[in-house]
Structure formats: structure tokens, C-alpha cells
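*Asks:* Numbering (this note's numbering), first residue to last: 553 to 1026.
(1) How many Å lie between residue 992 and residue 926 at the Cα?
(2) From the DSSP secondary-structure annotation, give me the bridge partner or partners of residue 708.
(3) Under 8 Å, with one C-beta from each stretch per pair, do the stretch 741–756 and the stretch 769–782 reach the 3-pair mark?
(4) Runs of 3 residues minimum, wholly inside the stretch 815–881: which ones carry the beta strand (DSSP E) assignment?
(5) Across the stretch 858–872 and the stretch 920–935, are there enough close Cβ pairs to call them in contact, namely three or more that are closer than 8 Å?
(6) Identify whether residue 768 lies in helix, strand or coil by the three-state DSSP scheme.
(7) Could you please give the first and the last residue of the uninterrupted beta strand (DSSP E) stretch that includes residue 560?
(8) For residue 665, name the three-state secondary structure that DSSP assigns.
(9) Pull up the distance between the alpha-carbon of residue 760 and that of residue 714, whole angstroms please.
(10) For residue 960 and residue 580, I'd like the C-alpha separation in whole angstroms.
(11) If I measure Cβ to Cβ from residue 838 and keep anything under 7 Å in the same chain, skipping five residues before and after, which residues do I get?
(12) Evaluate residue 789 with the Cβ neighbour count: other Cβ atoms within 10 Å of its Cβ, from every protein chain shown; 16 or more gives buried, anything less gives exposed.
(13) Thinking C-alpha only, which one of 623, 675, 575 is nearest residue 591?
(14) At the level of alpha carbons, what is the spacing between residue 573 and residue 957?
(15) Measuring only the C-alpha atoms, how far is residue 686 from residue 835?
(16) I'd like to confirm the pairing. Which residues does DSSP put opposite residue 805 in its beta bridges?
(17) Closer than 8 Å by C-beta to residue 772: which residues in its own chain qualify, once you throw out the five before and the five after it? Chain order, please.
(18) Do residue 897 and residue 866 have their C-beta atoms closer together than 7 Å?
(19) Which class does residue 649 belong to by DSSP, given the choice of helix, strand or coil?
(20) Is the beta carbon of residue 798 closer than 7 Å to that of residue 711?
(21) Buried or exposed: residue 700, going by 16 or more other Cβ atoms within 10 Å of its Cβ?
(22) At what residues does the alpha helix (DSSP H) containing residue 971 begin and finish?
(23) Are the stretch 671–691 and the stretch 975–987 touching, with three or more C-beta to C-beta distances below 8 Å?
(24) If contacts are defined as beta-carbon pairs under 8 Å, then residue 879 and residue 929 qualify, I think. What distance do you get, rounded to the angstrom?
(25) For residue 655, is the classification buried or exposed, using 16 other Cβ atoms within 10 angstroms of its Cβ as the cut-off for buried?
(26) Could you tell me the alpha carbon to alpha carbon distance between residue 1003 and residue 951, rounded to whole angstroms?
(27) Return the chain-ordered ranges of every beta strand (DSSP E) run that is complete within the stretch 679–736 and spans a minimum of 3 residues.
(28) Give the range of the beta strand (DSSP E) segment to which residue 573 is assigned.
(29) Near residue 763, what residues of its chain come up, given a Cβ to Cβ distance below 7 Å and the 5 sequence neighbours on each side ignored?
(30) Check whether the stretch 886–897 and the stretch 816–831 touch, using three or more Cβ-Cβ pairs below 8 Å as the test.
(31) Does DSSP put residue 578 in a helix, in a strand, or in coil?
(32) Where does the unbroken alpha helix (DSSP H) through residue 753 begin, and where does it stop?
(33) Here's a check: name, in chain order, each residue in its chain whose Cβ is nearer than 7 Å to the Cβ of residue 784, leaving out the five neighbours to either side.
(34) Can you tell me whether residue 568 is buried or exposed, with buried defined as 16 or more other CB within 10 angstroms of its CB?
(35) Which class does residue 927 belong to by DSSP, given the choice of helix, strand or coil?
(36) Whose C-alpha, out of 660, 703, 919, is nearest the C-alpha of residue 808?
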């Protein structure tokens, strides 16, 4: 039985267990004397052989407070190991920390995260309407793709009319600034643009309206705050329009489709575009439904967990992002943060909202799986791995691990339970009839097909004939 004086207090605000541990004075004194003897063996004290000086003399020389602090720090791990035995392990999770140490008397305060608690509320009454795919949006997406195809194959055709914005214009140009020629070309092509002008808005505006063969002289003063190399200066232009071309889209034909896609006809291409657009919109609607479903579930539920539990989730997310950053060519997340001028603590704070959502969604699904008494079969776990998109050899290794590694088996079981809980939740949200808790079906491996008697007899006859032929050959 432990000699420690332990009091337990639940901290409601942080969902933690506070363990206040007072260490008996005689145990503290024993630890002090032990430390003093160890120090005495490593130092020379006049009048005493090494290791023979009285403990009190050593304590007095180093100072009782200094040694007591060292003793307290050294004892902390052992003290916690003893006191945690007094706590129901089913109520706590990893992540304990030392909050404080008092020395008179020696008293520790440990905080231990409590197991997360979830009150699901009336989750079976949740309803999230499914938005049907907007067929008008499907047709618009198809039209956009067809237009992109035509844009990709557009042609510039000469036109005999004044320049308009968006035309491809060929000009002879000479620009002079402070008596120096800064730009001079005989065949300079550009496209006048109101939103993204070439040299300046005034330049594009001056060209618009000119006719092929027309010559114009004009000046432009570049604003002081512009990014132009001639900011604040006045430029003189001599311009002759030598040609104007207008964008012309080709006709949509089977030949154009065949040249630019894997389809032979317009109809086949349109059908594929419709299917792709509809699938895209269905996927977007599914994501929206899932987000709204979890939003309503979180709002109707009460979730309690300790800060350390969230901190572990942030660490997991941080490790996952580290692998992504390496895939993009960074040596580590730290290298990226240095380029961004961001501290590790700032980065973790940025990750916290996503980590919180992920943690709470998992806790909600785990609670549903428990309340609904969902079960998982070996066949369901194997199916989950086979549908993961891994190569066959990797898949077989993981399936084998299910049979021999208990921790891995528990991990996959938890993932499948969450998947089943989520599918159940979506069925509830759609208003479907679902089984009562404890009545949910479990998929088992299909029985091996038995060979029909006639097939069996035919097989035996074939084998007999083959054996006879073999004997004759011999």
C-alpha cells in the first residue's frame, strides 16, 4: 500500500483529473541523505575520507533547498508511477503532466487527461435534405467545356475594320522619351485590353478605333506611382496600324472532337462531359451534406476532452503535413516555416482548428458505433483493405497482419467501425429506416460455391479418360 497522501479532484473546465500528492517527510529525508552520500563520494571534505562525511554536513554545504529541489525533480517520475496506480485506468488517457511542486511539505500536483466524453443527444432525429443535381448547371458545365475546346482551336482571321479591344493588332511603333528612342519595331503584335493594358491604359485606348493603314502620333505621361520604367515621364508615340485580326472560333464538328479528344463524335463527347459534370456536382453535394451533417451533429452533442487530447491530434496532423511538405520538395516543415518567417508555435496554432474538427468527428463516430452496438467481421476488415487501392502484394501483407498483430487489428477494426457509423448516420439524415441498436447486420464472407453433382460426375469422367489415355501411352 502506498504511503503517499493522495487527493483526487476533477477539473470540470479542462476535463482533467488533478492528483495532489503529499510525500511523507521521512521519505523525503531518506532521499536527501541518499543524495548527500552520492555527492560525498564525489567530493573531498577536509577531515573525512571520501564518502564518510556526515549527510547533514553535505546538506549544509550545498544548501537544503537546492538539494530538496533536485530530490523533488528526481522523485517526480517514481511518485507519479505510484500514484497513477490509484486511478481507474478506464477513466483516463495518456498525456499527464506535472503542474507544480511545493516543498513544505513536498507536494506534487499532476494533471491527467480524462477519457473524452460524448453526449450524442437525439442524433436519430437529424435530417439533412439531399439537394438534387441541378441539370441546368450540368448543361452549363458542358457548354463551358465545349467553349474551351473551341477556344483552344481558335483562329485569328484578318478583318477590314477599326481596331477593337481583344483584337490581335500588328503595328509599326516608335516611342521616344526625352529625345531618346526607347522602342522601335516594324512588326509589333499585341492585343489591346481594357483591364490588362500593354504599356498604359491610354496607349491601348489610343490604338482602339484606328483602321488598317492609319498612322497616328500621340503622347502619354506615365503616372509617378506606376510600375513603368518611364514613371513620371512623357513619351511620344508614332504608330501605324499594319493589320487587324479578329478571333474566330471554329465550328464544332466530329472531326474537331476526334482530333482533340479520345472521342469520335460530338454526341459521345457531350455524353462523357455530362456524366463527368454530374458526378462532380454529386460529389460536391455529398461533401456539402457531410459537412452539414457533422455541423448539426456537433451542435446537438456535447463533447468534452482535455487540452492534451487535442495537443496529440495537432501532433498527428503536423506529422501528416510533414510528409506532404516532403512530397513537394521541402526537406522538412521547419524549412518551409523558415521561408515563411513563421514559428513552430504559430504553425501549430494554425493547425489547431482542423485538428479539433477531425478529433471531434472521430469522437462522435466512435460514440455512435458504441451506442448502436455496431460490430465488425473479419470479412469486413479484409474488404476494407482490399478496397484501399493498394497493390495486391501490399494488400495481402496487411490482411495477414490482421491475423497476427493485435494492435493493427484493433486499428483497422476502429476504422471500419467509424465507416459503418458514418454510413448509418447518413442513412438517418436521409430519413431512411435503419435497424435498432444492436440489430445492425454484419457482412460475412460468402460461402464457397458447391460443385453441382452433374458437374462433379462429368469431372470424374474426364479424369478417368485422362488416366486411361496415360496408361495407353505407357
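Glycine included, every Cβ here is placed at the ideal spot set by N, Cα and C.
Owing to the predicted nature of the structure, the values given are computational and were not obtained by experimental measurement.
*Replies:* Let me spell this out:
(1) Your numbering for residue 992 matches position 440 in the chain shown. Your numbering for residue 926 matches position 374 in the chain shown. Residue 992 and residue 926 have their alpha carbons spaced roughly 6 Å apart.
(2) Residue 708 sits at position 156 when you count from the first residue of the chain shown. Paired residues: 799.
(3) Touching, yes, given that three or more Cβ pairs across the two stretches are closer than 8 Å.
(4) The stretch 815–881 is shown to contain whole beta strand (DSSP E) runs of 3 or more residues at 854–856, in chain order.
(5) Result no; under three Cβ-Cβ pairs closer than 8 Å.
(6) Translated into the one-based positions of the chain shown, residue 768 becomes position 216. The DSSP-derived three-state label of residue 768 is strand.
(7) Along the chain shown, read from residue 1 onward, the residue named residue 560 stands at position 8. Looking at the DSSP string, the run of the beta strand (DSSP E) that includes residue 560 is 557–563.
(8) Here residue 665 refers to the residue found at position 113 when the chain shown is read from its first residue. Strand at residue 665.
(9) Position 208 of the chain shown, counting from 1, holds the residue named residue 760. Position 162 of the chain shown, counting from 1, holds the residue named residue 714. Rounded to whole angstroms, the separation of the alpha carbons of residue 714 and residue 760 is 7 Å.
(10) Start at 1 with the first residue of the chain shown, and residue 960 comes out as number 408. Start at 1 with the first residue of the chain shown, and residue 580 comes out as number 28. Going by the C-alpha atoms only, they are around 44 Å apart.
(11) As a working note, residue 838 is residue 286 in the chain shown. Around residue 838: no qualifying Cβ.
(12) On the chain shown, residue 789 is found 237 positions in, with the first residue counted as 1. Residue burial annotation: residue 789 is buried, with at least 16 other C-beta atoms found within 10 angstroms of its C-beta.
(13) Sequence index remark: in the chain shown, residue 591 carries index 39 (1-based). Closest by alpha carbon: 623.
(14) The residue labelled residue 573 in the question sits at position 21 within the chain shown. The residue labelled residue 957 in the question sits at position 405 within the chain shown. Those two C-alpha atoms are separated by around 38 Å.
(15) Residue 686 sits at position 134 when you count from the first residue of the chain shown. Residue 835 sits at position 283 when you count from the first residue of the chain shown. If you take the alpha carbons of residue 686 and residue 835, they lie about 13 Å apart.
(16) By one-based count along the chain shown, residue 805 stands at place 253. Its beta-bridge partners do not exist; DSSP assigns none.
(17) Here residue 772 refers to the residue found at position 220 of the chain shown. Within the same chain, and ignoring the five residues on either side of residue 772 in sequence, the residues whose Cβ sits closer than 8 Å to its Cβ are 751, 752, 754, 755, 758, 786, 787, 789.
(18) Numbered from 1 along the chain shown, position 345 holds the residue referred to as residue 897. Numbered from 1 along the chain shown, position 314 holds the residue referred to as residue 866. No, these two residues do not count as a Cβ contact at 7 Å.
(19) By 1-based counting over the chain shown, the position of residue 649 is 97. Of the three classes helix, strand and coil, the one that applies to residue 649 here is strand, per DSSP.
(20) Residue numbering aside, residue 711 sits at position 159 when the chain shown is read from its first letter. Residue numbering aside, residue 798 sits at position 246 when the chain shown is read from its first letter. A contact, by the Cβ cut-off of 7 Å.
(21) Position 148 of the chain shown, counted from the first residue, corresponds to residue 700. The residue is exposed, with fewer than 16 neighbouring Cβ atoms inside 10 Å.
(22) Within the chain shown, numbered from 1, the residue matching residue 971 stands at position 419. According to the DSSP assignment, residue 971 belongs to the alpha helix (DSSP H) that extends over 958–981.
(23) With the cut-off at 8 Å, the stretch 671–691 and the stretch 975–987 touch.
(24) What you label residue 879 is simply residue 327 of the chain shown in a count that begins at 1. What you label residue 929 is simply residue 377 of the chain shown in a count that begins at 1. Their Cβ separation, rounded to whole angstroms, is 35 Å, which puts residue 879 and residue 929 out of contact at 8 Å.
(25) Counted from its first residue, the chain shown places residue 655 at position 103. Exposed, since its Cβ has fewer than 16 Cβ neighbours within 10 Å.
(26) As a first step, residue 1003 must be located in the chain shown, where it is residue number 451. As a first step, residue 951 must be located in the chain shown, where it is residue number 399. Confidence is the limiting factor: at residue 1003 the pLDDT is only 44, short of 50, which leaves the residue's position unreliable and the question unanswerable from this model.
(27) Counting only runs of 3 or more, we get 707–710, 720–729.
(28) The residue labelled residue 573 in the question sits at position 21 within the chain shown. Residues 568–574.
(29) Here residue 763 corresponds to residue number 211 of the chain shown, with the count starting at 1. 714, 793, listed in sequence order.
(30) Taking one beta carbon from each stretch, the stretch 886–897 and the stretch 816–831 have fewer than 3 pairs nearer than 8 Å; the two do not touch.
(31) Here residue 578 is taken as the residue at index 26 of the chain shown, counted from 1. Residue 578 falls in the helix class under three-state DSSP.
(32) Reading the chain shown from its first residue, position 201 is the one you call residue 753. Bounds of the alpha helix (DSSP H) holding residue 753 are 753–759.
(33) Working through the chain shown from its first residue, we reach residue 784 at position 232. So the qualifying residues of the chain are 774, 776.
(34) By one-based count along the chain shown, residue 568 stands at place 16. By the 10 Å Cβ count, residue 568 comes out buried.
(35) Position 375 of the chain shown, counted from the first residue, corresponds to residue 927. In the displayed model, residue 927 falls within coil according to three-state DSSP, outside both helix and strand.
(36) Position 256 of the chain shown, counted from the first residue, corresponds to residue 808. The shortest Cα separation from residue 808 among 660, 703, 919 belongs to 703.
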